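Protein chains in written order, with the numbering used here: chain A, 1146 to 1425; chain B, 1146 to 1425; chain C, 1146 to 1425; chain D, 1146 to 1425. Beta carbons: idealized from backbone N, C-alpha and C, even for Gly. Because the structure is a prediction, the values reported are computed rather than measured. Heads up: the structure comes next, in structure tokens.
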């Protein structure tokens, strides 16, 4: 007896740019959308019966049609719009998971002023949202990823466990670099998502910069805790902070010291640190 | 009141090549290892108290030291070795999740014979294993990913739902392409992992090639079902088969027809199809 | 008779981060260095005679040792330092080509002020330099790449050639997006490289934003021409501006118009446009 | 006075899959095409005068239309077809450079036999061609890239230059790994490109495997020399063999030796070795 215990299907990486041309200035938003549907789709798997299957091509079309019909303002709002559309559109769809990642375009600054219709994609950082929608419940998460940051002071790592394979030296002065990924859950679907995003991002960076870090874990916790303390309406936050190593180069063979000045950045391996905090 | 509801840490992308030189021939295995530990690590987060924290640098060292001390034969065996080491080594470690992905090197065939010490990395396919080990239980998963396959016959998609945004035409003849990811769970830690991997891979490809496909879902289910039917000792299988689209190019403007012959392969967007099957 | 008509060797992707800790603030510079040497190396190829071969491992070490011994201020200055070192160090080295690409780190802005020792890697843009040094001559090039920019007005493309395979519609209003790569040649090795880089970048963006574009070629030419006109001490500029397409989505099947508002960004294919301008 | 000393334009990454369905079996070929045109295009740059500009969109359409009209057999043949088309189609086009890279699909082997219409993309290796066509001359190059190979015996590196920054130890036993890129020039446009490609590839691998290597340079030269010696109709060959390092891990801190057995594969930095050989 073989049964199917889980299935989902959808469309990945639906890319959209929407250009809105106002009288004073243009507005550009670019997003990538992932859609996953769950529901009464078993016959499609077991018998190739597609009568309840909404084509993933239609999901792609829906992204473009709804973007034409409605504003596209924030990843959260657009993900909500899409997730509700799918669950409402077909009775067999029991759940829609929609992820939206924004690649920000900023107005070019020309002669000290924001140009009205010229833009640059100034950062690799992404602003993210995930909406998990069912007829009876909706969860909205906001967040960011690929925010690459570094602090060159107030970071150490010592008093750790040493076993037979430990060679790492204790230090009270190292470069700490990471590519921050953060995701917080709203307690409502009706929040000022843009304002919360901006506030959360500011707090995360402020704590990262100021923290007297005894480890990545220590700083990650302080960053998440502060967001939950200062922003109302968030129930949880998840942070992921890989330790992107910058290794001091051994210059002794050349008769030189190296006071944490000459470093080798490596992509592999990296430390991995994550935690979820919850407001009780 | 803010509490931490989940945390883990570890090391990602620890790369290892092991070369074993036998009298007749050399053997090369290359893997990338991810390690995640869970346990009594809260004080590290809340207070920067590292006294229970095994450095991720030590985890990296452990990969190399254990690779020297023991054979590295399959991803499953090496992941088991590492996961058990970590849980056994420190009482505060309650769980180790170790993922190993192998990048296969094959002997070069020179004059019709396998060369004893020259190799090529002939494929982008990865052989994978994930071990989830706690003092009281151990789960072993084997699998593969990035196996890029295509069938140019016996594949259709029709009788699907049509809504206001559906434009897809029904077809009984399309190119079906995917990058297969499969992962199966063993019912024991003591199996001939290499033999099962080879058998599962063979079955997956055989069913993919032969199946009269009414949809990706349909073919995915048939592939997974057959693996569970034919191989004893597996409890579940999870398959992920993105639909990598090859779009027929419209040649009408040039006065030409296009009987599914001239296609545009695109990376974005792609369909996403997944399911987990379980043997009852 | 087989002869060797060209050869070079060196080291690619030597990554370096240098952290300088001043009393007021820290300074972080991260670069990736490519080194190519030419000279009397033929016996190494033909006979495996390495007696004139400086190991590429030594080249890597040299990057770190010279970065410790000297300031690392701009890609141009550091490339000059390295290129001159290699040509001076061994008589058989007749030419050194050194490329340096900087990944900029910017001080984090916290509470409206630049933080003294916290940084973000805020952009994918790279600042570049290439030095081509021989005992008798030295060429220095500065530049940038991966500067992703877009204009949503003042861009058209019409009156072009139409042949049997042309389907493109004329337009006087399209989104023009590119990933700019620029490289200019200095007439001297003794220039304020940082000032020129900043000035050239400003001019490129200003012309891009303001230009009434009749084609990518047209705008590229205007951008390069202005740089050579306004900055003294540059002899040539090379610009490369791939046309990164954002295709209008056909919404007619859904009964909607699309006034260049809903676009599909694609990575493949892209237009390719390049030119070199020279000051006479 | 500013003049334009060089310009070209075209289309990059035009992806094409062609499926040919024979009675016995199907044939699948997938290529990516780059097109560059040179000619009388100056007015397009200086004045935005597009009357001689063939749109890059038309170049893309041409790839698909010619693929429908003609067979697509080898990268060389398809690149020739396209390059000749462009130069013949418009008098202002003085030169066409067309590059074609094939991503090979192989028939799946099922039950020991090649399946007639199921395929896998079994390798990251690309088969390449570049055609440089002008009304008065045509050059055809064939080649390959991303052929990742390794030898674990018969490779050393010693007797090299030592300067103040040299720390590398001499060795007569190291792992030599590379990602081979080779490109050869045919003396005619009328050759059996598939046969030459196969023969050149076989020779390159055979020499790589058998060579008593004193350095990468030494092996590269032997490989190229043999191709020119054994295959008639080739005038030059260019080889590029980055030294993809696999560094022995220092296990002494754990009381273990490491007889070149436990290695760390790194992507950055890599050695870079290239040469062009010519048959006199």
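Below the 9 Å Cβ cutoff, chain C contributes no neighbours of residue 1222 of chain A, its closest Cβ being approximately 17 Å away. Here residue 1307 of chain A is exposed. Its C-beta has fewer than 16 other C-beta atoms within 10 Å. Between residue 1147 of chain D and residue 1422 of chain C, the C-beta gap is smaller than 8 Å, which places the two residues in contact. In the DSSP annotation of this structure, residue 1187 of chain D is not part of any beta strand (DSSP E); the continuous alpha helix (DSSP H) holding it starts and ends at 1187–1192. Under the three-state reduction of DSSP, residue 1310 of chain D is assigned to coil, being neither helix nor strand. Close partners of residue 1389 of chain D in chain C (Cβ separation under 8 Å) are lacking, with about 10 Å as the shortest Cβ gap. Listed by position along chain A, the residues whose Cβ is nearer than 7 Å to that of residue 1175 of chain B form an empty set, because the closest Cβ is around 13 Å away. Just so you know, the alpha carbons of residue 1338 of chain B and residue 1265 of chain A end up roughly 51 Å apart. Residue state for residue 1377 of chain D is assigned as coil, using DSSP reduced to three classes.
For residue 1316 of chain D, the nearest beta carbon of chain A is not closer than 8 Å to its own beta carbon. Here the alpha carbons of residue 1419 of chain D and residue 1383 of chain D stand approximately 7 Å from one another. Taking a 10 Å sphere around the C-beta of residue 1374 of chain A, we find fewer than 16 other C-beta atoms and assign the residue as exposed.
With fewer than 16 other Cβ atoms from the protein chains shown falling within 10 Å of its own Cβ, residue 1392 of chain B counts as exposed.
Annotated three-state conformation of residue 1162 of chain D is strand, per DSSP. Taking residue 1390 of chain D as reference, the option from B:1160, B:1200 and B:1152 with the minimal CA-CA separation is B:1160. For residue 1398 of chain D, the chain A residues whose Cβ falls inside 7 Å of its Cβ are 1312, in order along the chain.
Residue burial annotation: residue 1220 of chain B is buried, with at least 16 other C-beta atoms found within 10 angstroms of its C-beta. For residue 1309 of chain A, the closest Cβ of chain D is nearer than 8 Å.
At a cut-off of 8 Å between beta-carbon atoms, residue 1231 of chain A makes no contact with chain C. About 18 Å separates the beta carbon of residue 1365 of chain A from that of residue 1255 of chain C, a gap too long to meet the 8 Å contact definition. Judged by DSSP in its simplified three-state form, residue 1348 of chain A adopts helix. Cβ neighbours of residue 1222 of chain C within its own chain (closer than 7 Å, five residues either side excluded): 1338.
Look at residue 1235 of chain C: its C-beta is under 8 Å from a C-beta on chain D. Pairing residue 1354 of chain A with residue 1367 of chain A, the inter-Cα distance amounts to about 11 Å. Look at residue 1190 of chain D: its C-beta is under 8 Å from a C-beta on chain C. Proximity to residue 1292 of chain D across B:1280, B:1253, B:1303 and B:1311 peaks at B:1253, based on C-alpha coordinates. Take residue 1412 of chain B, set aside five residues on each side of it, and the residues of its chain with a beta-carbon closer than 8 Å to its own are 1389, in chain order. Contact with chain C is found for residue 1147 of chain D, since one of that chain's Cβ atoms lies less than 8 Å from the residue's Cβ.
Here residue 1378 of chain A is not near residue 1343 of chain A, since their CB atoms are 8 Å or more apart. Minimum Cα-Cα distance from residue 1402 of chain B among the listed residues D:1275, D:1154, D:1197 and D:1214 corresponds to D:1214. In the structure shown, residue 1251 of chain D adopts extended strand secondary structure according to DSSP, grouped into three states. Sequence-ordered contacts of the region 1287–1298 of chain A with chain C read 1292, 1293, 1294, 1295, 1296, 1297 and 1298 [C-beta pairs closer than 8 Å]. The beta carbon of residue 1159 of chain B falls within 8 Å of a beta carbon belonging to chain A, placing the residue at that interface. The bridge partners DSSP lists for residue 1383 of chain A are A:1328 and A:1421. Counting along the chain, no alpha helix (DSSP H) covers residue 1266 of chain A, and no H or E run does either. For residue 1404 of chain D, same chain residues with a beta-carbon under 6 Å away, outside a window of 5 residues either side, do not exist.
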